[in-house]
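Letter by letter, the sequence shown follows residues 2 to 260 of full-length UniProt numbering.
Yeah, the Cβ is synthetic: ideal placement off N, Cα and C, and Gly gets one too.
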Amino acid sequence: SNRFEGKVILITGAGSGLGQASAIQVAKEGAKLSLVDLNNQALEETKKLILEVAAEAEVLLLTADVSNEEEVKTYVSKTIEKYSKIDGFFNNAGIEGKQNLTEDYGIDEFRKVVGVNLNGVFFGMKYVLEVMKKQGSGKIVNTASVGGIRGVGNQSGYAASKHGVVGLTRNSGIEYGQFGISINAIAPGAIMTPMVEGSLKQIDPENWEEVGKQFVQPNPMKRFGKPEEVGYLVAFLLSNEANFINSAVIPIDGGQSYK
Ligand code: NAD
């Protein structure tokens with residue numbers, strides 16, 4: 002389909018995992034892209050993958066740390082300089098942090114995880130909404146998590162930040178609906194991305210694949226999700242087909258959060 006013909010889509014955390022898969026999906030459907038990540042080489046890799054499936058795609062790469070307000074302002078203004086508008090924003094960059102009981106969870110670790118996952122999402126919304134309000138249109142998809150809906154354990158910073166993303170989404174969605182803007186969140190369960198691979202390797206560097214198999218046994222579908230399965234959902238939520246969906250938090254987790 003050509004759902005994104007003429008549309009400008011901005012994605013953070015686009016160098017890997019869910020951000021990369023979503024970038025590829027919307028590019029296949031005609032989007033012009035502005036891609037943000039801390040990791041410049043990872044962005045180049047995403048661009049390469051995009052050009053393999055959408056040779057004509059326009060792709061702007063912006064290296065930035067989403068936890069830094071000035072850098073967020075800059076990635077938004079550079080996107081506007083090039084494209085003059087933002088139709089869709091996948092506000093997705095995030096980190097997991099070290100796992101620990103609450104009493105052992107480091108204060109610096111807490112600040113770092115909340116700084117990226119929550120402050121970063123807030124800064125992104127703040128500056129993109131300024132643009133979208135002037136346009137009188139736009140769609141934002143924030144990345145929450147199953148860990149933003151229910152307790153998972155050993156993840157104080159992550160849980161606080163992702164529950165915070167759910168709160169920001171619901172709050173701002175009801176504010177901006179009147180301006181033709183929708184704001185929703187996705188709540189992924191375990192999706193096999195470099196982030197999840199990294200945390201499995203923390204548990205057991207050699208047998209992490211086996212650890213992974215055990216890990217997904219409680220899931221009703223008994224498997225990890227695939228990044229491209231999240232990409233389909235994000236593309237739908239950023240498309241006009243989702244016009245009346247607002248302030249929603251949509252699980253994509255094989256049923257895990259209803260168990
Ligand atoms: P990933 O590590 O594969 O990709 C995340 C990308 O974000 C990386 O390219 C990284 O360089 C970038 N990034 C990290 N910190 C950044 C910062 N400060 N500024 C800019 N870019 C930064 O991870 P993923 O699995 O694709 O995760 C994407 C989002 O999905 C995160 O918000 C994560 O919390 C969330 N999530 C993932 C899962 C899962 O199972 N994979 C489940 C629930 C939620």
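Chain-order list of residues whose beta-carbon lies under 7 Å from that of residue i (same chain, five-residue window excluded)
| i | result |
| --- | --- |
| A24 | I12, A15, L34, L36, T47, I51 |
| Y76 | V37, L63, A65 |
| G158 | G98, Y106, E110, F111, V114, V115 |
| N101 | N155 |
| Y128 | V73, K74, V77 |
| N40 | G16 |
| V117 | V67, S68, A94, G95, I96 |
| K223 | V217 |
Sequence-distant residues of the same chain with beta carbon closer than 8 Å to residue i, five excluded per side
| i | result |
| --- | --- |
| G18 | I192, T194, P195, M196, P228 |
| A2 | Before going on, a small fix: residue 2 reads as Ser here, not Ala. Closer than 8 Å at the Cβ level, and outside the excluded window around S2, lie E30. |
| K202 | W209 |
| A243 | K140, S183, N185, F237 |
| F225 | A191, I192, M193, V197, G213, V217 |
| K79 | S35, L61, L63 |
| K134 | Y177, F180, I182 |
| R151 | S258 |
| P219 | Q257, K260 |
Start-to-end residues for the alpha helix (DSSP H) that takes in residue i
| i | result |
| --- | --- |
| N172 | 157 to 177 |
| P228 | 228 to 239 |
| S2 | First-last for S2: undefined, no H or E at that position. |
| K260 | Counting along the chain, K260 falls outside any alpha helix (DSSP H), and DSSP gives it neither H nor E. |
| L19 | 18 to 29 |
| V54 | 41 to 54 |
Supposed close pair residue i, residue j - CB separation, criterion 8 Å
| i | j | result |
| --- | --- | --- |
| A236 | Q21 | Not a contact, Cβ separation roughly 13 Å. |
| M126 | S183 | Their Cβ separation, rounded to whole angstroms, is 12 Å, which puts M126 and S183 out of contact at 8 Å. |
| V250 | T170 | 6 Å |
| V122 | N155 | Between N155 and V122 the Cβ distance is about 22 Å, and since that is not below 8 Å, they are no contact. |
| G213 | Q257 | So it is not a contact: roughly 15 Å between Cβ atoms. |
| A56 | A28 | Actually they do not touch by this definition, with Cβ atoms about 10 Å apart. |
| S146 | A188 | 6 Å |
| V231 | I204 | That belief does not hold up - the Cβ atoms of V231 and I204 are roughly 23 Å apart, past 8 Å. |
| A160 | G148 | 5 Å |
| residue 306 | V132 | Summary: the structure shown does not reach residue 306, with the chain confined to residues 2 through 260, and so no result is reported for it. |
| L119 | V166 | 6 Å |
Span of the beta strand (DSSP E) around residue i
| i | result |
| --- | --- |
| P252 | 250 to 253 |
| I192 | Note, I192: premise wrong, no beta strand (DSSP E); not H, not E. |
| V217 | Unbroken run through V217: none, as it is neither H nor E. |
| S85 | Taken as a continuous stretch (DSSP letters only), S85 belongs to no beta strand (DSSP E), as it is neither H nor E. |
| D38 | 33 to 38 |
| I12 | 9 to 13 |
| V60 | 60 to 64 |
Closer than 7 Å to chain B by CB, residue i
| i | result |
| --- | --- |
| Y259 | Here there is only one protein chain, and chain B is not present. |
Other residues of its chain near residue i: CB distance less than 6 Å, five sequence neighbours each side excluded
| i | result |
| --- | --- |
| I175 | S248 |
| V9 | K33, Y84, K86, I87, D88 |
| S138 | G181 |
| L44 | G16, L36, D38, L62 |
| S240 | R4 |
| P221 | G255, G256 |
| K163 | A145, S146, G148, G149 |
Distance cut-off 6 Å: residue i Cβ against heavy atoms of the ligand HEM
| i | result |
| --- | --- |
| A186 | In terms of ligand content, the structure shown lacks the ligand HEM and carries the ligand NAD instead. |
Tell me the start and end of each unbroken beta strand (DSSP E) in the stretch 89 to 150 that is at least 3 residues and wholly inside, in chain order. Correct list: 89 to 92, 139 to 144.
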